[in-house]
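If you read the sequences in order, they're chains S and D.
Just so you know, we're using our numbering here: the first sequence kicks off at 5 and counts up by one.
Just so you know, we're using our numbering here: the second sequence kicks off at 5 and counts up by one.
One structure is given here, and the rest of the page talks about it.
There are 2 protein chains.
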Amino acid sequence: MDKLGENLDRFRRSCKAKGFRLTPQRIAIYEALLACEHHPGAEDISRAVRTIYPDISMDTVYRTLNTFSKIGLIHPVDGHGRPRRYDPIVEPHHHFRCKQCDRIIDFYDERLNRVSPPDYILQKFTVSTVKVTLEGVCDQCSQPRKSTRAAEL
Amino acid sequence: MDKLGENLDRFRRSCKAKGFRLTPQRIAIYEALLACEHHPGAEDISRAVRTIYPDISMDTVYRTLNTFSKIGLIHPVDGHGRPRRYDPIVEPHHHFRCKQCDRIIDFYDERLNRVSPPDYILQKFTVSTVKVTLEGVCDQCSQPRKSTRAAEL
DNA sequence: AGACAAATAAGAATTATTCTTATATAATAA
DNA sequence: TTATTATATAAGAATAATTCTTATTTGTCT
Ligand SMILES: [Mn+2]
Ligand SMILES: [Mn+2]
Ligand SMILES: [Zn+2]
Ligand SMILES: [Zn+2]
Chain S
5 MDKLGENLDR
15 FRRSCKAKGF
25 RLTPQRIAIY
35 EALLACEHHP
45 GAEDISRAVR
55 TIYPDISMDT
65 VYRTLNTFSK
75 IGLIHPVDGH
85 GRPRRYDPIV
95 EPHHHFRCKQ
105 CDRIIDFYDE
115 RLNRVSPPDY
125 ILQKFTVSTV
135 KVTLEGVCDQ
145 CSQPRKSTRA
155 AEL
Chain D
5 MDKLGENLDR
15 FRRSCKAKGF
25 RLTPQRIAIY
35 EALLACEHHP
45 GAEDISRAVR
55 TIYPDISMDT
65 VYRTLNTFSK
75 IGLIHPVDGH
85 GRPRRYDPIV
95 EPHHHFRCKQ
105 CDRIIDFYDE
115 RLNRVSPPDY
125 ILQKFTVSTV
135 KVTLEGVCDQ
145 CSQPRKSTRA
155 AEL
């Protein structure tokens, strides 16, 4: 089975397991999450789903994203002052966020997966997640204007 | 000079250097930031400052916090769906966030300061900050009820 | 097919933050 | 010290993101 199929299958099983109904809206929202790159926000999801279900309400989008988050199907990603975004990839990975274009780019690194808090923290707190997040300027934004224009200057 | 004095001095110099006026509101807001533990939000700051300046407006609080952030006097801290919070400590340090009580607790660790992204990321992106954030349940919240009650049970 | 709990659409409500504008004031210089 | 002026402020309107309320619809299980 391909990656998309795997994800959809996990989605169906998660819903069943938790007693959630398999509605067309939920399926469309989950598919939109998988299709969108760079961690879509509720507005992105709504826009994508509207092409198929023009009457989808923002409330359903938000409610569904919250439901998915609660059962661990997706992870909410901080919006840094902008609207919250969502990540359909729940396997361990890390994020680079461009301060200029606000893209959030995934990357995978074993070394970072193994970053661990100091012992005195582990003794005091129950640590469930360790997140490493990079911020800076992405390759696209650090290029001197558009590549076509750059030749002219 | 003590730590508080040092901070206030740096604050005065930063304002001067950037040509910002040293208003009573700004001083009070900065002092409130230093006094509050666990990374206050705009509402916390407003409440603290109101005891001295009852007429401080939310707009001034937000505007001032934004100004301070821009000149690097403080750092905004993600609110995870709740209101944004602010950190008057700009020296390198790390955060543990309790998912239950929402406290954000500082800790210092040299090893985590040195966490570095993989080379292929550094080649592609200009990385300006690396944040390690822990989430979980804090010592207070994981205690079985209140300590006084615990003895009874 | 029928029953029913759960999900939805629509739009009101709430919350956090920013904007607008008229007034006040910190900094600077006469 | 006072006058000048650009900057900061208070007040409240406006905006944006998210949640809530309610009446209706629809999956799921007989
Ligand atoms: Mn991701
Ligand atoms: Mn801190
Ligand atoms: Zn970029
Ligand atoms: Zn706690």
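Think of the CB as a built atom: it goes at the ideal place given N, C-alpha and C, for glycine as much as any other residue.
Since the structure is predicted, the reported quantities are computational estimates derived from the model, not experimental observations.
Residues that residue i contacts on chain D, provided the C-beta gap is smaller than 8 Å
| i | result |
| --- | --- |
| Arg88 of chain S | Gly85 |
Any non-hydrogen atom of ligand 2 within 6 Å of residue i CB
| i | result |
| --- | --- |
| Asp82 of chain D | no |
| Asp110 of chain D | yes |
| Asp48 of chain D | no |
| Ile93 of chain D | yes |
Residue i Cβ short of 6 Å to ligand 3 heavy atom set
| i | result |
| --- | --- |
| Cys40 of chain S | no |
Residues that residue i contacts on chain D, provided the C-beta gap is smaller than 7 Å
| i | result |
| --- | --- |
| Glu139 of chain S | Ser132 and Thr133 |
| Lys128 of chain S | Asp143 |
| Ser146 of chain S | Thr130 |
Separation of residue j from residue i, as counted between CA atoms
| i | j | result |
| --- | --- | --- |
| Pro44 of chain S | Ile93 of chain S | 12 Å |
| Ala154 of chain D | Arg67 of chain D | Confidence at Ala154 of chain D is low in this model, with a pLDDT of 39, below 50, so the placement of that residue should be treated as unreliable; the coordinate-derived value is given next. If you take the alpha carbons of Ala154 of chain D and Arg67 of chain D, they lie about 45 Å apart. |
| Asn117 of chain D | Cys105 of chain S | 26 Å |
| Ser132 of chain D | Glu139 of chain S | 6 Å |
| Thr137 of chain D | Ala21 of chain S | 31 Å |
| Asp48 of chain D | Arg101 of chain D | 18 Å |
| Phe129 of chain S | Arg107 of chain D | 12 Å |
| Val134 of chain S | Arg17 of chain D | 36 Å |
| Gly76 of chain D | His42 of chain S | 28 Å |
| Gly23 of chain S | Tyr34 of chain S | 17 Å |
| Asp91 of chain S | Ile125 of chain D | 20 Å |
| Cys19 of chain D | Arg25 of chain D | 7 Å |
| Ser151 of chain D | Val141 of chain D | Residue confidence for Ser151 of chain D is low, a pLDDT of 45 falling below 50, so the modelled location carries little weight; the figure read from the coordinates is stated next. Answer to the nearest angstrom: the Cα atoms are 17 Å apart. |
| Val119 of chain S | Phe15 of chain D | 34 Å |
| Asp63 of chain S | Phe72 of chain S | 14 Å |
Interface residues of chain S facing residue i [CB-CB closer than 7 Å]
| i | result |
| --- | --- |
| Asp113 of chain D | Pro122 |
Contacts of residue i in chain S (Cβ-Cβ under 9 Å)
| i | result |
| --- | --- |
| Phe100 of chain D | Pro121, Ile125, Lys128, Phe129 and Val131 |
| Asp82 of chain D | Asp82, Gly83, His84 and Gly85 |
Any non-hydrogen atom of ligand 1 closer than 6 Å to residue i Cβ
| i | result |
| --- | --- |
| Asp113 of chain S | no |
Neighbour list for residue i in chain D, Cβ cutoff strictly below 9 Å
| i | result |
| --- | --- |
| Val94 of chain S | What Val94 of chain S touches in chain D: nothing, since even the nearest Cβ is about 15 Å away. |
**Study point:** Members of the region 8–34 of chain D that neighbour chain S once the beta carbon cut-off is set at 8 Å
**Key:** none
Practice item. Specify which residues have a beta carbon nearer than 7 Å to any heavy atom of ligand 3, listing them in chain order. Key: S:Cys102, S:Gln104, S:Cys105, S:Arg107, S:Val141, S:Cys142, S:Gln144 and S:Cys145
Practice item. May I ask you to list, following chain order, the residues of the region 45–66 of chain S that have a beta carbon less than 7 Å from some beta carbon of chain D? Key: none
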